[in-house]
Amino acid sequence: METCFDFSKCHGDFKVFVYPQIGPDASLLIPSPLYQKMLNVIKESRYYTQDPSEGCLFVLAIDTLDRDPLSADYVHHITTHIQKLPYWNSGMNHVIFNLYSGTWPDYFEEGLDFNPGLAILVKASMSVTNFRSGFDVSIPLFHKNHPERGGVPGLVTVNNFPGTKKYLLAFKGKRYTHGIGSETRNALFHLHNGQDIVLVTTCRHGKYWKHSKDERCDVDNAEYDKYDYNMLLENSTFCLIPRGRRLGSFRFLEALQAGCIPVLLSNKWVLPFAQVIDWNKAVIWADERLLFQIPNVVRSVDFARVLALKQQTQVLWESYFSSIEKIVLTTLEIIRERLPLEPRRDGLIWNSAPGALVALPQFSDSNLHYPFYLTMLGAHSDPQFTAVIYAGRGNRNMAVLFQLVKNVAHSRSVAMILVVWSGDTPPPAKPRWPVPPGNPPLVVLHSDNSSKRFHPHSLIRTHAVLSLDEDCLLTTDEVNFAFHVWRSFPERLVGYLSRSHYWDARKGQWGYTSKWTNQYSMVLTGATFYHRYYGFLYSHWVGPEGLPGCEDIALNFLVSHATRRPPVKLAQHKQPAAPGAGWSDSVQFAQRHACLNTLVTMLGYMPLVHSSVRLDPVLYKDPVSNLRKKYRQMELAGS
Numbered sequence: 269m270e271t272c273f274d275f276s277k278c279h280g281d282f283k284v285f286v287y288p289q290i291g292p293d294a295s296l297l298i299p300s301p302l303y304q305k306m307l308n309v310i311k312e313s314r315y316y317t318q319d320p321s322e323g324c325l326f327v328l329a330i331d332t333l334d335r336d337p338l339s340a341d342y343v344h345h346i347t348t349h350i351q352k353l354p355y356w357n358s359g360m361n362h363v364i365f366n367l368y369s370g371t372w373p374d375y376f377e378e379g380l381d382f383n384p385g386l387a388i389l390v391k392a393s394m395s396v397t398n399f400r401s402g403f404d405v406s407i408p409l410f411h412k413n414h415p416e417r418g419g420v421p422g423l424v425t426v427n428n429f430p431g432t433k434k435y436l437l438a439f440k441g442k443r444y445t446h447g448i449g450s451e452t453r454n455a456l457f458h459l460h461n462g463q464d465i466v467l468v469t470t471c472r473h474g475k476y477w478k479h480s481k482d483e484r485c486d487v488d489n490a491e492y493d494k495y496d497y498n499m500l501l502e503n504s505t506f507c508l509i510p511r512g513r514r515l516g517s518f519r520f521l522e523a524l525q526a527g528c529i530p531v532l533l534s535n536k537w538v539l540p541f542a543q544v545i546d547w548n549k550a551v552i553w554a555d556e557r558l559l560f561q562i563p564n565v566v567r568s569v570d571f572a573r574v575l576a577l578k579q580q581t582q583v584l585w586e587s588y589f590s591s592i593e594k595i596v597l598t599t600l601e602i603i604r605e606r607l608p609l610e611p612r613r614d615g616l617i618w619n620s621a622p623g624a625l626v627a628l629p630q631f632s633d634s635n636l637h638y639p640f641y642l643t644m645l646g647a648h649s650d651p652q653f654t655a656v657i658y659a660g661r662g663n664r665n666m667a668v669l670f671q672l673v674k675n676v677a678h679s680r681s682v683a684m685i686l687v688v689w690s691g692d693t694p695p696p697a698k699p700r701w702p703v704p705p706g707n708p709p710l711v712v713l714h715s716d717n718s719s720k721r722f723h724p725h726s727l728i729r730t731h732a733v734l735s736l737d738e739d740c741l742l743t744t745d746e747v748n749f750a751f752h753v754w755r756s757f758p759e760r761l762v763g764y765l766s767r768s769h770y771w772d773a774r775k776g777q778w779g780y781t782s783k784w785t786n787q788y789s790m791v792l793t794g795a796t797f798y799h800r801y802y803g804f805l806y807s808h809w810v811g812p813e814g815l816p817g818c819e820d821i822a823l824n825f826l827v828s829h830a831t832r833r834p835p836v837k838l839a840q841h842k843q844p845a846a847p848g849a850g851w852s853d854s855v856q857f858a859q860r861h862a863c864l865n866t867l868v869t870m871l872g873y874m875p876l877v878h879s880s881v882r883l884d885p886v887l888y889k890d891p892v893s894n895l896r897k898k899y900r901q902m903e904l905a906g907s
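In this note's numbering, the protein residues as written are 269 to 907.
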């Protein structure tokens with residue numbers, strides 16, 4: 269890396285420059301739809317810059333994904349086009365994306381038909397022989413219709429028991445009667461027993477398959493037609509992933525998504541993102557030279573390890589492979605971490621949910637400061653919290669605001685009260701504010717942006733942040749109970765006021781509702797605990813301009829996207845409507861509907877998860893003496 273990369277270009281923020289698709293050759297160099305999706309992801313990411321002087325990495329607008337001359341996406345005379353690039357400089361600081369190299373009959377891995385020079389190769393089907401460790405990046409093969417964003421979730425569910433399936437080991441795919449990749453697949457029929465091991469192949473592919481068919485093709489084709497590919501994926505414990513003409517295979521990602529543990533039969537293949545992912549936790553390595561030992565190998569895997577492997581396939585699929593966006597951004601993060609002075613993540617973050625794309629290393633160098641790893645590390649969150657009160661209606665309701673400050677200040681766990689003042693009028697003078705009992709610091713900050721309520725203020729030192737609206741009527745008991753619950757669920761939003769989303773089939777879009785139903789998917793941030801890290805993540809996600817009018821929904825989206833879990837609702841608490849607020853007002857609800865659909869478009873999917881769980885204190889509303897109850901004020905507030 270030190271001899272092939274100019275680190276001096278990477279001063280300040282890590283930025284990526286994408287060459288513009290302009291010039292006399294632009295009409296001849298229109299990228300394939302797949303490559304255009306990859307460029308779109310980069311251009312819409314936080315890494316992108318339009319200024320080449322800011323660029324640390326340079327990405328070609330010339331499509332290099334498919335370098336098979338027989339492909340319709342093959343770009344001719346590519347060397348001439350590359351040499352015209354103004355910042356090429358022998359490829360230094362450039363990234364070349366490639367899925368297919370070489371062509372029939374040899375499929376040479378180096379067969380790009382141009383000299384990449386000093387460029388970083390981000391390539392599928394890379395071998396240990398040609399992979400430049402610490403410089404190149406190995407990526408998976410993925411289909412042209414792979415989702416640009418969001419992606420389909422993994423197919424393993426929490427109730428997906430037993431851990432073992434109908435079939436122990438399965439494979440359904442092409443058989444090559446000759447040429448590279450044929451030796452292994454031609455021998456698979458020896459392992460097929462039609463009972464717990466189903467390995468079926470077909471010669472019926474390509475235009476001239478009948479000209480090269482052998483004596484076993486008809487029998488193989490008949491057996492092949494008995495099984496459905498998706499059925500085998502979903503009903504097999506292990507899935508065989510043999511090499512094809514190239515080392516990589518689409519089947520690899522398909523098996524990961526299905527939770528079918530990959531059994532790799534592709535010697536010398538550098539697995540995707542192997543520099544940071546511990547694949548021993550998700551796959552079984554086999555050896556092409558020891559094909560007949562595979563049944564014994566998979567039968568020897570005990571039940572506990574099967575469950576662990578299956579679980580890890582879902583973690584990796586969700587974190588890095590379910591969309592083009594995740595594949596591209598993971599690639600950029602791996603390259604960024606190689607730069608001097610750039611913060612790095614350890615193996616725990618890369619190989620645990622929610623993954624490295626969610627746990628930004630700029631936040632902290634300690635895993636204990638993130639909400640996702642406390643339980644895993646046997647640690648606990650801070651015993652105190654910081655209250656952030658958002659005052660956005662001027663001074664027309666000061667009595668309620670002052671009472672809220674008093675109620676919060678009475679909590680035994682509050683470390684600081686921070687008032688974010690965004691009204692048109694200046695905040696009250698300091699002598700007018702109530703003196704908090706116990707003397708927790710009271711700080712008033714002025715802001716002209718409602719998103720500042722989630723800003724990771726340097727004054728906030730605790731893990732827990734209590735987000736409050738100025739007209740919120742929480743009692744001290746409600747504050748204490750909410751904090752007590754949050755400490756058990758530090759990775760989630762924990763609050764009192766719930767809302768839900770639904771699919772409106774008539775309009776073909778998502779809707780927002782405040783009706784009391786048997787389930788919810790959001791909690792309003794007017795009375796909610798969240799981890800301080802989510803404020804940091806929120807500021808990086810929405811940018812300095814924020815999402816006016818959508819802040820609370822956006823935070824719910826962000827946390828559900830990170831955790832794949834719903835928020836936690838507490839007790840029965842109905843917030844009285846403030847004068848003129850009108851939650852039932854059609855204009856405001858139209859705005860909420862629009863927020864939902866805008867955020868779904870941004871993420872590429874709907875991350876919100878419904879829940880029917882409500883947590884109440886012990887003896888809450890039970891017909892027993894109030895003296896036996898710990899949070900006695902709550903029943904008065906919730907009634």
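Glycine is no exception: its CB is placed at the ideal position from the N, C-alpha and C atoms. Bear in mind the structure is a predicted one, so any value in this text is a computation, not a measurement.
* **Where the beta strand (DSSP E) containing GLY803 begins and where it ends** => Counting from 1 along the sequence shown, the entry for residue 803 is found at position 535. No beta strand (DSSP E) contains GLY803, which is instead part of the alpha helix (DSSP H) from 800-810.
* Asked: Between MET902 and ARG760, what straight-line distance do the alpha-carbon atoms span, to the nearest angstrom?
  -> The residue you call residue 902 lines up with position 634 of the sequence shown. The residue you call residue 760 lines up with position 492 of the sequence shown. Taking the straight line from one Cα to the other gives about 22 Å.
* Asked: Which partner residues does VAL791 have in the DSSP bridge list?
  -> Within the sequence shown, residue 791 is the residue found at index 523, counting from 1. Paired residue(s): SER766.
* Asked: Buried or exposed: where does ASP890 fall if 16 or more other Cβ atoms within 10 Å of its Cβ makes it buried?
  -> In the sequence shown, the residue the question calls residue 890 occupies position 622. Label assigned to ASP890: exposed.
* Asked: Can VAL309 and GLU593 be called in contact, C-beta distance under 7 Å?
  -> Here residue 309 is taken as the residue at index 41 of the sequence shown, counted from 1. Here residue 593 is taken as the residue at index 325 of the sequence shown, counted from 1. In this structure, GLU593 lies closer than 7 Å to VAL309 by Cβ.
* Between the CA atoms of ARG832 and GLY763 - distance to the nearest angstrom -> Within the sequence shown, the letter at position 495 stands for residue 763. Within the sequence shown, the letter at position 564 stands for residue 832. Those two C-alpha atoms are separated by around 18 Å.
* Asked: In whole angstroms, what separates the C-alpha of VAL868 from that of ARG767?
  -> For the purposes of this step, residue 868 is taken as the residue at position 600 of the sequence shown. For the purposes of this step, residue 767 is taken as the residue at position 499 of the sequence shown. One C-alpha to the other measures close to 17 Å.
* Asked: How long is the line joining the alpha carbons of GLY872 and PHE410, rounded to whole angstroms?
  -> What you label residue 872 is simply residue 604 of the sequence shown in a count that begins at 1. What you label residue 410 is simply residue 142 of the sequence shown in a count that begins at 1. For GLY872 and PHE410, the distance between alpha carbons rounds to 18 Å.
* Touch test, the stretch 694-711 against the stretch 785-792, Cβ-Cβ under 8 Å, three pairs minimum -> They do not touch, by the three-pair rule.
* Asked: I think LEU826 touches TYR806, with their Cβ atoms under 8 Å apart; what is that distance to the nearest whole Å?
  -> Here residue 826 refers to the residue found at position 558 of the sequence shown. Here residue 806 refers to the residue found at position 538 of the sequence shown. With 8 Å as the limit, LEU826 and TYR806 qualify as a contact, their Cβ atoms being about 6 Å apart.
* To do: Below 8 Å on the Cβ atoms is my guess for ILE603 versus ILE388; work out the distance and round it to an integer in Å.
  => Translated into the one-based positions of the sequence shown, residue 603 becomes position 335. Translated into the one-based positions of the sequence shown, residue 388 becomes position 120. Right, the Cβ-Cβ distance comes to about 7 Å (below 8 Å), so this counts as a contact.
* To do: Take GLN652 and list the residues in its own chain whose beta-carbon comes closer than 6 Å to its own, dropping the five residues that flank it on each side.
  => By one-based count along the sequence shown, residue 652 stands at place 384. Taking GLN652 as the centre and dropping the five residues before and after it, the same chain places the C-beta of SER681, ALA683 and THR730 closer than 6 Å to its C-beta, in chain order.
* Three-state class that DSSP yields for SER276 in the structure shown -> Here the question's residue 276 lines up with position 8 in the sequence shown. In this structure, SER276 counts as helix in the three-state DSSP scheme.
* **Span of the beta strand (DSSP E) around ASN366** => Residue numbering aside, residue 366 sits at position 98 when the sequence shown is read from its first letter. ASN366 -> beta strand (DSSP E) spans 362-366.
* Asked: Mind checking whether LYS434 and ASN498 have CB atoms under 7 Å apart?
  -> Counting from 1 along the sequence shown, the entry for residue 434 is found at position 166. Counting from 1 along the sequence shown, the entry for residue 498 is found at position 230. The answer is no: Cβ separation not under 7 Å.
* **Local conformation of ILE310 per DSSP, three classes** => For the purposes of this step, residue 310 is identified with residue 42 of the sequence shown, where counting begins at 1. In the structure shown, ILE310 sits in a helix (DSSP, three-state: H, G or I).
* Asked: Over what stretch of residues does the alpha helix (DSSP H) that includes ASP820 continue unbroken?
  -> To locate residue 820, count along the sequence shown from 1; it is residue 552. DSSP places ASP820 in the uninterrupted alpha helix (DSSP H) bounded by 819-831.
* Asked: When the Cα of CYS324 is compared with those of SER313, LYS283, THR744 and THR505, which residue comes out closest?
  -> In the sequence shown, the residue the question calls residue 324 occupies position 56. Checking every option, the nearest Cα to that of CYS324 belongs to LYS283.
* C-alpha gap between GLY850 and PRO724, whole angstroms -> By 1-based counting over the sequence shown, the position of residue 850 is 582. By 1-based counting over the sequence shown, the position of residue 724 is 456. For GLY850, the predicted model reports a pLDDT of 45, less than 50, meaning its position is unreliable; a value from the coordinates is still stated below. Distance between the alpha carbons of GLY850 and PRO724: 30 Å.
* Top-ranked residue by Cα proximity to GLY646, from ASP739, TRP553 and LEU636 -> For the purposes of this step, residue 646 is taken as the residue at position 378 of the sequence shown. Closest by alpha carbon: LEU636.
* **Buried or exposed by the 16-neighbour rule on C-beta atoms within 10 Å, applied to ASN748** => If you number the sequence shown from 1, residue 748 lands on position 480. It counts as buried.
* Looking only at DSSP bridge pairs, what is CYS507 linked to? -> Here residue 507 corresponds to residue number 239 of the sequence shown, with the count starting at 1. Answer is ALA438 and PRO530.
* To do: Please go through the same chain and pick out, in chain order, the residues whose beta-carbon is closer than 6 Å to the beta-carbon of ASP341, but skip the five residues on each side of it.
  => Residue 341 sits at position 73 when you count from the first residue of the sequence shown. Result list for ASP341: SER300 and ASP334, in chain order.
* To do: Please classify ASP274: is it buried, with 16 or more other beta-carbons within 10 angstroms of its beta-carbon, or exposed?
  => To locate residue 274, count along the sequence shown from 1; it is residue 6. Of the other Cβ atoms in all chains shown, fewer than 16 fall within 10 Å of the Cβ of ASP274; this residue is therefore exposed.
* Residues near ASP546 in its chain [Cβ-Cβ closer than 7 Å; skip 5 each side] -> Translated into the one-based positions of the sequence shown, residue 546 becomes position 278. If you ignore the 5 residues before and after ASP546, its C-beta comes within less than 7 Å of the C-beta of GLY615 and ASN619, all in its own chain and listed in chain order.
* Asked: Can the beta-carbon of VAL363 be found closer than 7 Å to that of VAL343?
  -> The residue labelled residue 363 in the question sits at position 95 within the sequence shown. The residue labelled residue 343 in the question sits at position 75 within the sequence shown. Going by beta carbons, VAL363 and VAL343 fall outside the 7 Å limit.
* Evaluate ASN564 with the Cβ neighbour count: other Cβ atoms within 10 Å of its Cβ, from every protein chain shown; 16 or more gives buried, anything less gives exposed. => As a first step, residue 564 must be located in the sequence shown, where it is residue number 296. By the 16-neighbour rule on beta-carbons within 10 angstroms, ASN564 is exposed.
* Asked: Going straight from the alpha carbon of LYS475 to that of GLU491, what length do you get?
  -> Counting from one through the sequence shown, the residue named residue 475 turns up at place 207. Counting from one through the sequence shown, the residue named residue 491 turns up at place 223. Linking LYS475 to GLU491 through their CA atoms gives a straight-line distance of about 21 Å.
* To do: Decide yes or no for the touch test of the stretch 447-455 against the stretch 520-531: beta carbon pairs closer than 8 Å, at least 3 of them.
  => Judged by Cβ distances under 8 Å, the stretch 447-455 makes no contact with the stretch 520-531, as fewer than three pairs qualify.
* Asked: Going along the chain, which unbroken runs of the beta strand (DSSP E) with 3 or more residues stay wholly within the stretch 652-724?
  -> Runs found: 653-659, 682-689 and 710-714.
* To do: Have a look at ILE657, TYR495, ASN707 and THR470 and flag the residue whose alpha-carbon is nearest the alpha-carbon of GLU923.
  => Not covered by the structure: residue 923. The range shown for the chain is 269 to 907.
* Asked: What's the C-alpha gap between HIS473 and LYS494?
  -> By one-based count along the sequence shown, residue 473 stands at place 205. By one-based count along the sequence shown, residue 494 stands at place 226. HIS473 and LYS494 have their alpha carbons spaced roughly 17 Å apart.
* **ALA846 versus CYS863 - alpha carbon distance** => Locating residue 846 in the sequence shown gives position 578, counting from the first residue. Locating residue 863 in the sequence shown gives position 595, counting from the first residue. Caution is warranted here: a pLDDT of 48 is assigned to ALA846, below 50, making its placement in the model unreliable, and no coordinate value can be reported.
* Asked: Does the beta-carbon distance from VAL538 to PHE403 come in below 7 Å?
  -> Residue numbering aside, residue 538 sits at position 270 when the sequence shown is read from its first letter. Residue numbering aside, residue 403 sits at position 135 when the sequence shown is read from its first letter. Cβ atoms of VAL538 and PHE403: not closer than 7 Å.
* Asked: MET269 by DSSP, collapsed to three states: which one?
  -> Position 1 of the sequence shown holds residue 269. Reduced to three states, the DSSP call for MET269 is coil.
* Where DSSP assigns a beta bridge to PHE797, which residues make up the other side? -> Reading the sequence shown from its first residue, position 529 is the one you call residue 797. According to DSSP, PHE797 bridges with LEU734 and VAL762.
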